[in-house]
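Structure, as structure tokens:
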Amino acid sequence: MEKKYSIPERSWALYDWANSAYTLVIVTAIMPLYFKSVATEAGISATTSTAYWGYANSIATLIVSILAPILGTIADFKGFKKRFFVFFTTLGVIFTLLLAVVPSNQWFILLIFFVLTSVGFAGANIFYDAFLVDVTTEDRMNKVSAHGYAIGYIGSTIPFIISIAIIILAQESIIPLSVTVASQIAFVITALWWGIFTIPMLKNVEQNFYVERVSNPVRTSFKKLLQTFKNIKVYRPLFLFLLAYFFYIDGVHTVIKMSTAYGSDLGISSSTLLIVLFVTQIVAAPFSVIFGKFGTKYGDKKMIMVGIFIYIFICCYAFFLDSALDFWVLAMLVGTAQGGIQSLSRSYFAKLVPKESSNEFFGFYSIFGKFAAVAGPVLLGITAQITGNTNFGVFSLVVLFIIGALILLRVPNPEEVALDQGIGK
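Note that my numbering has the sequence shown beginning at 12, numbered continuously upward.
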């Protein structure tokens, strides 16, 4: 009989349920449209407001990327991991809540608060991912990681549907609220959802693998970080995987981030795009679990490669795409691989890292993931501009997936990696 999820495993996975609402409502769907609306009312052009939104995302990414390896290394010392997780989660939840009270004419303050929520969200995720080694055993990492992604996809749709329903009812004057107030209510719902469902994680998950505290953890952490770079040959499989991850996850993130704009270019309405986004989340949930099970049975790397080849097919299919039906097919294909490739990447990396240094290495994992969001959109944009065709732009992403796959082939399986030199497992 298959072993049931333990309380720490369930509590850890439930945080995916908690914070995925933020990704869908704040990052992807409602907040970007709300900011564009507020900026337009303030007399800012569409082009300028889009640029400001891009700058805000870049600033948040830069802040987290600078902090990640330093705080990650400090968090490897006993008692720090959970403190940092609580700090960043609290930062994210509070400022998501405060988005709702910023006057609609204060677009700059709104943008500052968004940056702070983004830092909180991304910062908490570094330590959340690193907690995977504390809540489960290596043979169950695929299953637990996939379970987190699966319930995250399902959980994110609940506050999303409620929020969209309130906004549509306000638009149609069925309820006596403006669209602005309805959007602000969506921010409150997201913050409360995130905060409430984080409680089990706070109660039931503890840091089990750590380095004993020293008198000066900050200075020691910088030395430890420097030592890691000096011993790059010892950790070669880890950094080889991160390099592969950088390329293929860049393609994954670009497909996710640019899908709405791509659909708009095809003349698909905003309401249809939101429905497609919702259905994609539903499709992604069971496929995350399937990828996890197949990863355990056939090997993580093989299933990550399957995910990469699905994305290569998606990019090739997009080259010939010219209708709303084609876009639906494309979205469903994305749903089959999106969660699986991300969940298996997380669990595969968790198996490679020295458990006592999981935070340090997941700090690097976060950096590679964050900066991976840069090259893909640029490649797509330049190709689309040169050719005058968005389809060519999406097709160009094949290059990222092929490079990622070729590097991944050189990464040894976790059981082949002997990391008992330096900081052992």
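Ideal Cβ placement from N, Cα and C applies to all residues, glycine included.
Owing to the predicted nature of the structure, the values given are computational and were not obtained by experimental measurement.
Checklist entry - Between residue 370 and chain D, is there a C-beta pair that is closer than 8 Å? => result Looking for chain D here will not work: only one protein chain is present.
Next on the checklist: Are the CB atoms of residue 422 and residue 248 within a distance shorter than 8 Å?
Outcome noted: Position 237 of the sequence shown, counted from the first residue, corresponds to residue 248. Position 411 of the sequence shown, counted from the first residue, corresponds to residue 422. Judged by beta-carbon spacing, residue 422 lies within the 8 Å limit of residue 248, meaning their Cβ atoms are closer than that value.
Checklist entry - Near residue 68, which residues of its chain fall below 8 Å by C-beta distance, leaving aside the five closest residues on each side in sequence? => result Walking along the sequence shown from the start, residue 68 turns up at place 57. So the qualifying residues of the chain are 129.
Checklist entry - For residue 331, does the three-state DSSP call read helix, strand or coil? => result Here residue 331 refers to the residue found at position 320 when the sequence shown is read from its first residue. Three-state result, residue 331: coil.
Checklist entry - Would you report the Cα separation of residue 354 and residue 413, rounded to the nearest angstrom? => result Here the question's residue 354 lines up with position 343 in the sequence shown. Here the question's residue 413 lines up with position 402 in the sequence shown. When only Cα atoms are considered, residue 354 and residue 413 end up about 20 Å apart.
Next on the checklist: Is residue 364 near the ligand MN - that is, is its Cβ less than 7 Å away from at least one heavy atom of it?
Outcome noted: As far as ligands go, the structure on display features none, and thus does not contain the ligand MN.
Checklist entry - Name the DSSP beta bridge partners of residue 222, please? => result For the purposes of this step, residue 222 is taken as the residue at position 211 of the sequence shown. Its beta-bridge partners are 88.
Checklist entry - Is residue 349 helix, strand or coil when you go by DSSP? => result Residue numbering aside, residue 349 sits at position 338 when the sequence shown is read from its first letter. In the three-state reduction of the DSSP assignment, residue 349 falls in the helix class.
Next on the checklist: Let me make sure I understand the geometry here. Which of 141, 118, 65 has the alpha-carbon closest to that of residue 83?
Outcome noted: Position 72 of the sequence shown, counting from 1, holds the residue named residue 83. Closest option to residue 83, Cα to Cα, is 141.
Next on the checklist: Buried or exposed, going by whether 16 or more other CB atoms sit within 10 Å of the CB of residue 112?
Outcome noted: By 1-based counting over the sequence shown, the position of residue 112 is 101. By the neighbour-count rule (16 or more Cβ atoms within 10 Å), residue 112 is not buried but exposed.
Checklist entry - residue 60 and residue 51: beta carbons closer than 8 Å? => result Taking the sequence shown and counting its residues from 1, the one referred to as residue 60 is at position 49. Taking the sequence shown and counting its residues from 1, the one referred to as residue 51 is at position 40. Cβ distance < 8 Å, so residue 60 and residue 51 count as in contact.
Checklist entry - Hey, residue 28 and residue 166: beta-carbon distance below 8 Å or not? => result Working through the sequence shown from its first residue, we reach residue 28 at position 17. Working through the sequence shown from its first residue, we reach residue 166 at position 155. Yes, the pair counts as a contact, with Cβ atoms nearer than the cut-off.
Checklist entry - Buried or exposed: where does residue 56 fall if 16 or more other Cβ atoms within 10 Å of its Cβ makes it buried? => result Here residue 56 is taken as the residue at index 45 of the sequence shown, counted from 1. That one is exposed.
Checklist entry - Which of helix, strand or coil does DSSP assign to residue 386? => result Reading the sequence shown from its first residue, position 375 is the one you call residue 386. DSSP places residue 386 in helix when its eight states are reduced to three.
Item to check | Stretch-stretch touch, CB-based, cutoff 8 Å, three pairs: the region 277-291 with the region 313-326 | outcome: When Cβ pairs closer than 8 Å are counted between the two stretches, the region 277-291 is seen not to touch the region 313-326, the count staying below three.
Checklist entry - For residue 280, does the count of other Cβ atoms within 10 angstroms reach 16, so buried, or fall short, so exposed? => result To locate residue 280, count along the sequence shown from 1; it is residue 269. Looking at its Cβ environment, which holds fewer than 16 other Cβ atoms inside 10 Å, residue 280 is exposed.
Next on the checklist: In this structure, how does DSSP classify residue 162 when only helix, strand and coil are distinguished?
Outcome noted: Here residue 162 refers to the residue found at position 151 when the sequence shown is read from its first residue. Note: residue 162 maps to helix in three-state DSSP.
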